[in-house]
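All residue numbers for the sequence shown refer to the numbering used here, where the first residue is 100 and numbers rise by one. All C-beta atoms in this analysis are idealised placements derived from N, C-alpha and C, irrespective of residue type, glycine included. Data first, discussion second: the structure below is written as structure tokens.
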Amino acid sequence: MLQNDSACCWKMGEIEGTYRILQTPGSRLGAQKTSGVSTLEPGQNLLTAMASSPAKAHERDLPIKIKMLDNTVEVLDIESKCYGQTLLTEVYKHLNLIESDYFGIEFQNIQSYWIWLEPMKPVIKQVRRPKTTMLRLAVKFFPPDPGQLQEEYTRYLFALQIKRDLAEERLTCSDNTAALLVSHLLQSEIGDFDESEDREHLKTNQYLPNQEKLEGKILEFHRKHVGQTPAESDFQVLEIARKLEMYGIRFHLASDREGTKINLAVSHMGVLVFQGNTKINTFNWSKVRKLSFKRKRFLIKLHPEGPYQDTLEFLLGSRDECKNFWKICVEYHTFFRLFDQPKPKAKAVFFTRGSSFRYSGRTQKQLVDYIKDSGMKRTPYERRHSKVRASTRTSNTGVPKQSVPFTEGLRTPGSPASTAAPFHSVHSLASPASIPPMFAEPSPSSLDPRAPYTRNPDKTTAAPVEEAGRKLMQQPGSPVLQGLPVDHAQLSSMVLKSPLGVTAAFQVNLNAGAQGSSPLLSPVLSDAGGARTEEDDEMKRKRCPTDKAYFIAKEILATERTYLKDLEVITVWFRSAVIKENAMPEGLMTLLFSNIDPIYEFHRGFLKEIEQRLSLWEGRSNAHMKGDYQRIGDVMLRNMRTLKEFTSYLQKHDEVLTELEKATKRLKKLETVYKEFELQKVCYLPLNTFLLKPIQRLMHYKLILGRLCKHYTAEHRDFADCRNALKEVTEMTSQLQHSLIRLENFQKLTELQHDLIGIDNLTAPGREFIREGCLYKLTKKGLQQRMFFLFSDMLLYTSKGVTGTNQFKIHGHLSLHGMLVEESENEWSVPHCFTIYSAQKTIVVAASTRLEMGKWMEDLNVAIEMAKKSTEKSEMLLENSVCNRSNRSSDEVSVEQESEDDIHSSRSSLDRQSHHRANTTMHVCWYRNTSVSMADHSVAVENQLSGYLLRKFKNSNGWQKLWVVFTNFCLFFYKTHQDDYPLASLPLLGYTVSCPVEADAIQKDYVFKLQFKSHVYFFRAESKYTFERWMEVIKRATSSPARSSLLLPKEKDTHTD
């Protein structure tokens, strides 16, 4: 934990400037309080400081030339004695730049070193010849993840900075990477590939020093970006650049104590040391106690427990260079690591010596809150080098963002601001002000569920619902929104905007104490907004191919999009979380990301190929290509052969999963980050589930290719490629099948380990998960609801308290050795009742239906038989893993005593999370009175599906288009396939799927009906094939063979029939 407690600690003639970093709790980004020192007077802020600065006159008599990131030069007339902050403010106002704190203005001093303009000093005291000096706008703070940038316009400016760094050879990288970056810049500036136009453009625009040599590679890469928008290209540029070692790095020449020439740099992580372009050391902010300088010497004082000596010393070229680097370090630390701006420093009674410099802008956290709360109107902006001359400033939903949503309002055109300084452009290009506003109707891909639709300024229709939502969130103990958990204390009102500007709230009661109302009832998808006209649907359907192979290929595309988003949960979001908190050891970081990154990169390219092929198949591509593209087998074969090269990475997933689990147990900091990350909306499944996705995806390829081969005749032109692709993927799945079974079992055990209180080592070697579900246990108070967990060596039973937690507390465990199970309905006069006799105790339980009882008894008997054959007794295992409770050994029925402590379930547990995800199978089983076996989980893995569906409104004939993902027995709803997290979810255990009956009055084709008790939903597919697929996967996943084969004639099951 870091704190800016930077009183200038002085001894006469010694240290010239210090910046102390105290290891005190509560000062890291997002903590409760911080303290620090600023050069402002108490009660002053930047604006009042500027206003109170002396000025003789208000005439503007100093022309300042500033080169923007697009290389245009603007001239700003300012007062001769104005401060740097005034100049910065006028530039940001001219650009209408909202996320301005990432940027700064730099200029070259006499020694030609680039210096940042300081806000708290007059410009004329910093720039020696201001009338003739060319200043330039530049990115000052580079966040580790471009997804943290909320504005499309900000990402555009960052991409221009990367372009500048490439041209100036600051961003050094391999030729392949450089060519790839330039290809995305080309796509952003001139659009889709056209060889003659590309070559002409490259002749007149120099992106790289050695551009001519790489021209062929640039064109080859650009050919693959067909259909990519400028905004998407900008994000690709940032995604590639952020992974480079030189991303955001600015070298400062220095030497160490031995006189070895090195380069110093600073980043969000800390102070970096390079030899040439190779990073040889990183001093994380968490290791640094104090930064200071004395003349040319730069000193880093470390915490004594570190692996280095207490103080490190580096020699820079001059005092000015040393002070300049020290200032940048101070600013980087404050911006990325502190919660608040440093507090004003009290004036010294006597004179002080040394630098009083402190960062005086907003921290990243303050900037995030400002964007969230201030209510900015997104306005058009101009891409000077692009065919797309103006773009509406919206957040691109295809871009990963922080988990905290930013609900943005509207800023009125006449918002209070000082009069803008007059700019006049040096170039003949039209300035942004001369371009009329363009508010084009955004496509579904541009709609962001986290921000209001910007086209409609009239908020009157949404206001009442929004206000109601705000009140709902303010009430203590108010229900949490299903699919939208409150995962951060600083979240604003959880109100989602529909495409028509009308609020669509997803409200479900998640009050754990109210057992009568289940939090797993279907989300109330609002009838407002999103309605579609039937004519549009019919026209679109007529334009698309009708061949079954086309719809199978479209399924590959849809599921690949979901799969890539799932990989990003690890490669983008989780990486960002652990880097931000410096929570994961380097060895584990390397093991995890070196195995999953190559797979992620491969599938990004694969997805592009599928998208391009489907575009050509539908005849809507603007690419200049001809040929027979109404097939998918060649694309699948080529990529399945390439994917075989990644088998070695997939085989290491076992080690990755094991090492990650060990590290979370060993390192409290990593455990905290892990648990907090699982509460974020983007992590819509248990985190380690995403690590299994690459192997599970191979199984999906095998099933889909099998359907294609079955559909085609042997003479079909695509049959041979599909058959060969199937052969390739079958080889891979046969190698990984046993590994997948083992991994799925380990994943389930670790998931339960996190969700259960009172067990320490659930992942013991040899233990297999068999079934989890809800049964009613006979106690002195009668039948009490309990969650039971059956493993290969024991049976656990747990309860869920009435507190805010969603974890389950273990009440007891029974060894399977010597266990006997028999039906006892007649003995106890309780329906679906059976008795479990064990060495420790005897318990009586009842299932919700006869079907459930049959499943439990069958699995228990099979598990008991397996335990008999096991040579090793598991008593020691049980003693070591389950926290001791007093178990009585008796032949009589043990009627459980319920204490107040059991009911309220140990409030003080450190493992407790106040807002745990409520759609895991454990919680679904609890509320639906059902159970799920490992066999059911395996069937569900094979039956996953994604795609657009139309959902019928409850109270009208309108239909709402949603992107729907079916996985882990649950439907997840998104506005578009580009969204990062679901709007709502609907667990389907206990639901039946069928066709509508006449009484439902549904007049449309391809509609299926989902029903659980009184909850009914209608969904409409685009074709017969997709309709049949949705029916098939939902039936298979929610009604496994075990669910039907055990149905006894004594009673019809009302819950799962």
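query                                                                                                                                                            : result
Measure the alpha-carbon distance for A863 versus T897 and round it to whole angstroms.                                                                          : 19 Å
Can you tell me whether F240 is helix, strand or coil according to DSSP?                                                                                         : coil
State the DSSP-derived secondary structure class of H367, mapped to helix, strand or coil.                                                                       : coil
L175 to H193, Cα distance in whole Å?                                                                                                                            : 10 Å
Once DSSP output is grouped into helix, strand and coil, what is the label at H193?                                                                              : helix
Would H837 be called buried (16 or more neighbouring beta carbons within 10 Å of its own) or exposed?                                                            : exposed
Give me whichever residues DSSP pairs with R1119 in a beta bridge.                                                                                               : L1049 and V1106
Nearest by alpha-carbon distance to E867: which of T878, F888, D859 and G881 is it?                                                                              : F888
If you count every other CB in all the chains shown that lies within 10 Å of the CB of P859, and 16 or more means buried, which is it?                           : One detail in the question is off: residue 859 reads as Asp in this sequence, not Pro. D859 comes out exposed.
Please report how far the alpha carbon of Q1043 lies from the alpha carbon of F1126, in whole angstroms.                                                         : 14 Å
Which value, in whole angstroms, describes the spacing of the CA atoms of F692 and C932?                                                                         : 50 Å
Note down the Cα distance separating Q327 from A266, rounded to an integer number of angstroms.                                                                  : 23 Å
Pick out the complete beta strand (DSSP E) segments inside the segment 935 to 964, 3 residues or longer, and give them in chain order.                           : 941 to 945
Taking just the CA atoms, how far does F334 sit from L301?                                                                                                       : 21 Å
Would you mind working out which of R822, K1134 and S1045 sits nearest V1038, comparing C-alpha positions?                                                       : K1134
Return the CA-CA distance between A1136 and K378, expressed in angstroms with no decimal places.                                                                 : 50 Å
Below 8 Å, how does it come out for the segment 379 to 392 and the segment 334 to 351: are there three or more Cβ pairs, yes or no?                              : no
Among the candidates S747, M1033 and L466, whose CA atom is the shortest distance from the CA of K954?                                                           : M1033
Whole angstroms are fine: how far does the CA of F392 sit from the CA of D1078?                                                                                  : 47 Å
What would DSSP say about H432, mapped onto helix, strand or coil?                                                                                               : helix
Residues bridged to C873 by DSSP?                                                                                                                                : M886
Need the endpoints of the beta strand (DSSP E) that S1093 sits in, please.                                                                                       : T1091 to S1093
Quick one: give me the first and last residue of the alpha helix (DSSP H) that R737 is part of.                                                                  : G732 to L742
Between L234, V734, G183 and F202, which lies nearest to P221 when the distance is taken from Cα to Cα?                                                          : G183
State buried or exposed for A657, treating a residue as buried only when at least 16 other CB atoms are found within 10 Å of its CB.                             : buried
Can you tell me the Cα-Cα spacing of T832 and L797, whole angstroms?                                                                                             : 6 Å
Using the three-state DSSP reduction, which class does Q906 fall into: helix, strand or coil?                                                                    : coil
Terminal residues of the continuous beta strand (DSSP E) containing E921?                                                                                        : L919 to E922
So, at 7 Å on beta carbons, what are the nonlocal neighbours of A150 in its own chain, with the 5 sequence-adjacent residues on each side left out?              : Note that A150 has pLDDT 48, beneath the 50 cutoff, so the model's placement of it is unreliable and the number below is only indicative. Nothing listed; no residue qualifies.
Provide the residue(s) that pair with Q374 in DSSP beta bridges, ordered along the chain.                                                                        : T377
To the nearest angstrom, how far is the alpha carbon of V994 from that of L919?                                                                                  : Note that V994 scores 41 on pLDDT, short of 50, meaning its location in the model is unreliable; the coordinates nonetheless yield the value given after this. Cα to Cα, V994 sits roughly 18 Å from L919.
If distances are taken between C-alpha atoms only, which option among Y201, L1085, I165 and P218 comes closest to C181?                                          : P218
C1069 by DSSP, collapsed to three states: which one?                                                                                                             : strand
What is the rounded straight-line gap between the Cα of T829 and the Cα of F701?                                                                                 : 19 Å
Between the Cα of P242 and the Cα atoms of L839, S675 and P229, which residue gives the shortest distance?                                                       : S675
Output needed for A532: all residues of its chain with C-beta closer than 7 Å, excluding positions within five of it in sequence on either side, in chain order. : Because A532 sits at a pLDDT of 35, beneath the cut-off of 50, its placement in the model cannot be relied upon, and the point is left open.
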